[in-house]
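Below: one structure, written as structure tokens.
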Amino acid sequence: MQEKKLASLSGRRRLGNIFTYIGLSLISVIWITPFVFLVLQSFDVSSTGLTGNVWPEKWGLGNFAYLFSADCNFLQWYFNTFIIALAVCVGQTIMQIMMAYALSRFRFRFRKGLMNVMLVLGMFPGFLTMIVLYEVLKTMGFTGDNSVPGLILVSIASSGMGYYVAKGFLDTMPKSLDEAAMVDGANRFQVFYKVIMPLCKPIVIYIILTSFMGPWGDYIFAATLAKGASAGMNVATGLTSWLSAANVAGYFKYFCAGGVIVAIPVIILFLFLQKYYVEGVTGGAVKG
Amino acid sequence: MMKQLTDLELLKLNKGQLFIYKLKKFFYAIPVWFKKTGIKIGNFFKNLGISIYIFFRDLVFTFIKGDWKTKVSYFIMGFGSLARGQILRGVLFLLMQVVFIWYMIATGGYYVGKLNSLGMKQPEMMEDGTIIYGDNSFKILLYGVLSLFFIAAFIYTWYLNIKQNRINEQILKDEKKLDSSMDDLRSLVDKNFHRTLLTLPTLGIIVFTILPIFFMILVAFTNYDANHNGVSNALFGWQGFKNFGQLFSWNSGGANFSATFGEILLWTLIWAFFATFTNYFLGMMVAMLINKKGIKLKKVWRTVLVLSIAIPQFISILYVSKMFAYPDGIINGLITKFGAEPVHFLDDQAKPFVARLTVILINIWIGIPYLMLVTTGILMNIPADLYESANIDGATKWQQYTKITLPYMLFVTGPYLLTSFTGNMNNFNVIYLLTGGAPHPQGMANGAGQTDLLITWLFNLAIKDSNYALGAVIGIMVFVVVAVISVVVYNLIPSTRNEEEFQ
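Below, the structure written as structure tokens:
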């Protein structure tokens, strides 16, 4: 009697697992399909416009060849984005860690006030500031063809406001660590640099990863600054311009090829550092 | 105040009574909340008043009681510090004063003086098409605001300079030693290390966020638009609350502005609600499927989903939007293969309901991997013995979910849900890249579309139509909505945590 019940239980579990596998396979297919389609269409050289069929009628590397030819600015866009991503990930990481460490470890006047001000500022739609910054950067000469330094400056300058994840991480570190080091005669800078920083490796890698990935998808500010000047665009702005109503008929397949080229290095980087990303995301959501 | 029931009394209630009890409790809490907030605001102003009183009292008393070095410091900043041997502080104070006076004479004074008119001399268009420029309203407003910030900073430093004198006098009276310049420098890596750390980030925030936002709030009270660009066609000037009046006007340029605003606001809220909660629950479901006991290849399933986070969002969003294109997109290609008519999903001929549904569905596709990651970690933190004892008590899976998993998740992720709700209200990329606001029916004011969020509409108003003043008004409204929702929800959710809890 008992055995029979157990057998039926494990049978039910096996059945349940089969359904779960079916569900998960279905989910995987749904999530992978668009990217498979993207890759397939990037190899279709039968027409460069939008087509309803997934399987290429004629295979070839023509779309990729176009990207690297002198006819288009793709390489320039790619280079721009790469420079921006490098600079931004260094700058943002430093700014956020500085902000987070000061707010997590020091108790000073204006601390609560500073945090509240940043909270309230975060409630304003970000690109209200864009109109002003555009005009200011224009007088500095950082728009149009030369918008790369402008983009870097703007992305780094107020990035201290994104300190939350790093502070959440630092808050979970016991204060006794700092105190022990200070008893041993270290000053606050040494505590920061020699004790806390090495322990922050996961969160630093998380911030580096996210801030490096950000510029690859940054569309709105980049588009506003470049204002149609092709040499100053990043990949997002440039490739998006290929999908405008006027261009899509001639450029869709180039977009697909460009998308593949842009996505590959980011995916590789991401797969290597996936562990840190997952830690950062879960930690950030809990500690908010 | 309503009667608080004890646990035992609560158990006696049936479901209907319990619901009414909870509803009552909620509504009774509202006036209490208002009262608390009122007291908070009252306290704020009280403290502000006290601070201002102390500020002036200190200024007067320090001057009367101070020695001559202190008295001179009222006019030459840093004099007292220099005279008492604190070279570094003295030089910095003096430098601030010199720079301030030089700046105000050179440029600042001119702009502050023109702030109340934003310029009088209009640009003139000559017959041959050249323009003789007059004043520049944009510059006047921007540098005027900058100068006001600078003046405030100067007054504060001036006050610090005086306070410094008072403190130093006290220290000398107690026959202790003043901090030397060397001590000051050393404290920047030790006791005052936070100042070193915070200087650069805060300066960046002030210049690149606070100043522009302040500027745009002021722009909402001007007529800064394509016809008054402040430089080449006409100057712009103050016009009070006229732009805010637009929000309630039934007829502006042949369209019903207030109805358009209402419709977009409503859709923004509906969108934020569905985008947040569909992703949350479905993401949690996927996470639970992967976490299920006996499921193999957990890492593979997870990686498949995580891959789609790695691909820059604009690529996936744009590609998916083209999959739904009419009539050549892949989806419509499939539909026509089965002999049906192609469907307008996201373009201008789409039915508003279809477009909105498609957008929400695509957003689920975009958001689930992320939510799967977020919830996985939290789900694994739920103590396993809770489920074991529930199993022994014979609870079904569904009961375990609603009584253990869900309350725990909601408790822990409360603040996250709030930020993701407000984040979705401002989710520019998804809407802008998917539909661009389409469909755009006739009769919506200022080219608004039916999938436009406030934020994308604001973008179109401000950047495309150069209607900066109206854009600024919408921006302020977005802020108001977000702030109200945040404050109310934040006070209602239980998991408002104490930040000292861990340390």
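First to last, the sequence lines map onto chains A and B.
Numbering-wise, the first sequence is residues 1 to 288 according to the numbering used here.
Numbering-wise, the second sequence is residues 1 to 503 according to the numbering used here.
No residue lacks a Cβ here, since even glycine has one placed at the ideal position from N, Cα and C.
Bridge partners - residue i, DSSP secondary structure assignment
i: aspartate 225(B); result: His228(B)
i: isoleucine 335(B); result: Answer is none; isoleucine 335(B) lacks a bridge partner.
i: tryptophan 238(B); result: Thr222(B)
i: isoleucine 132(B); result: Glu124(B)
i: tryptophan 59(A); result: Asp44(A)
With 16 other Cβ atoms within 10 Å as the buried cut-off, status of residue i
i: alanine 125(B); result: Checking the sequence shown, residue 125(B) turns out to be methionine, not alanine. Exposed: under 16 other Cβ atoms inside 10 Å.
i: alanine 85(A); result: buried
i: methionine 140(A); result: exposed
i: asparagine 363(B); result: buried
i: isoleucine 41(B); result: exposed
i: alanine 355(B); result: buried
i: alanine 152(B); result: exposed
i: aspartate 385(B); result: exposed
i: tryptophan 59(A); result: exposed
i: proline 407(B); result: exposed
i: proline 201(B); result: buried
i: tyrosine 193(A); result: exposed
i: aspartate 44(A); result: buried
Minimum Cβ-Cβ distance from residue i to chain B less than 8 Å
i: asparagine 187(A); result: yes
i: alanine 231(A); result: no
i: glutamate 57(A); result: no
i: glutamine 274(A); result: yes
i: leucine 26(A); result: no
i: valine 32(A); result: The residue asked about is misnamed: residue 32(A) is isoleucine in this sequence, not valine. Yes, contact with chain B.
i: glycine 259(A); result: yes
i: methionine 197(A); result: no
i: alanine 157(A); result: yes
i: phenylalanine 270(A); result: yes
i: tyrosine 251(A); result: no
i: leucine 61(A); result: no
i: alanine 166(A); result: no
i: valine 281(A); result: yes
CB contact below 8 Å: residue i versus chain A
i: lysine 46(B); result: no
i: serine 486(B); result: yes
i: leucine 59(B); result: no
i: lysine 121(B); result: no
i: tyrosine 319(B); result: yes
i: threonine 260(B); result: no
i: methionine 216(B); result: yes
i: lysine 292(B); result: yes
i: methionine 323(B); result: yes
i: glutamine 313(B); result: yes
i: aspartate 452(B); result: no
i: aspartate 135(B); result: no
i: asparagine 301(B); result: One point to set straight first is that residue 301(B) is tryptophan, not asparagine, in the sequence displayed. Chain A contact via Cβ: present.
i: phenylalanine 428(B); result: yes
i: tyrosine 387(B); result: no
Length of the line joining the Cα atoms of residue i and residue j
i: isoleucine 431(B); j: alanine 272(B); result: 12 Å
i: alanine 445(B); j: lysine 242(B); result: 17 Å
i: methionine 216(B); j: leucine 40(A); result: 46 Å
i: valine 262(A); j: threonine 376(B); result: 29 Å
i: methionine 380(B); j: threonine 172(A); result: 19 Å
i: valine 154(A); j: glycine 204(B); result: 9 Å
i: leucine 146(B); j: asparagine 53(A); result: 57 Å
i: leucine 307(B); j: glycine 91(A); result: 26 Å
i: proline 34(A); j: asparagine 427(B); result: 22 Å
i: valine 32(B); j: valine 343(B); result: 52 Å
i: valine 278(A); j: histidine 228(B); result: 50 Å
i: phenylalanine 27(B); j: leucine 177(A); result: 46 Å
i: proline 56(A); j: isoleucine 32(A); result: 18 Å
i: alanine 448(B); j: leucine 211(B); result: 29 Å
i: glycine 423(B); j: leucine 119(A); result: 13 Å
i: alanine 65(A); j: aspartate 347(B); result: 32 Å
i: lysine 121(B); j: tyrosine 133(B); result: 8 Å
i: methionine 372(B); j: threonine 282(A); result: 10 Å
i: asparagine 73(A); j: glycine 228(A); result: 13 Å
i: isoleucine 76(B); j: phenylalanine 244(B); result: 46 Å
i: leucine 10(B); j: threonine 268(B); result: 38 Å
TODO: For the stretch 248-263 of chain A and the stretch 44-52 of chain A, state whether three or more C-beta atom pairs, one from each stretch, are separated by less than 8 Å.
DONE: yes
Task: Touching by the beta-carbon criterion (3+ pairs, under 8 Å), the stretch 206-215 of chain A and the stretch 150-165 of chain A - done: The stretch 206-215 of chain A makes contact with the stretch 150-165 of chain A: 3 or more CB pairs, one atom from each, lie closer than 8 Å.
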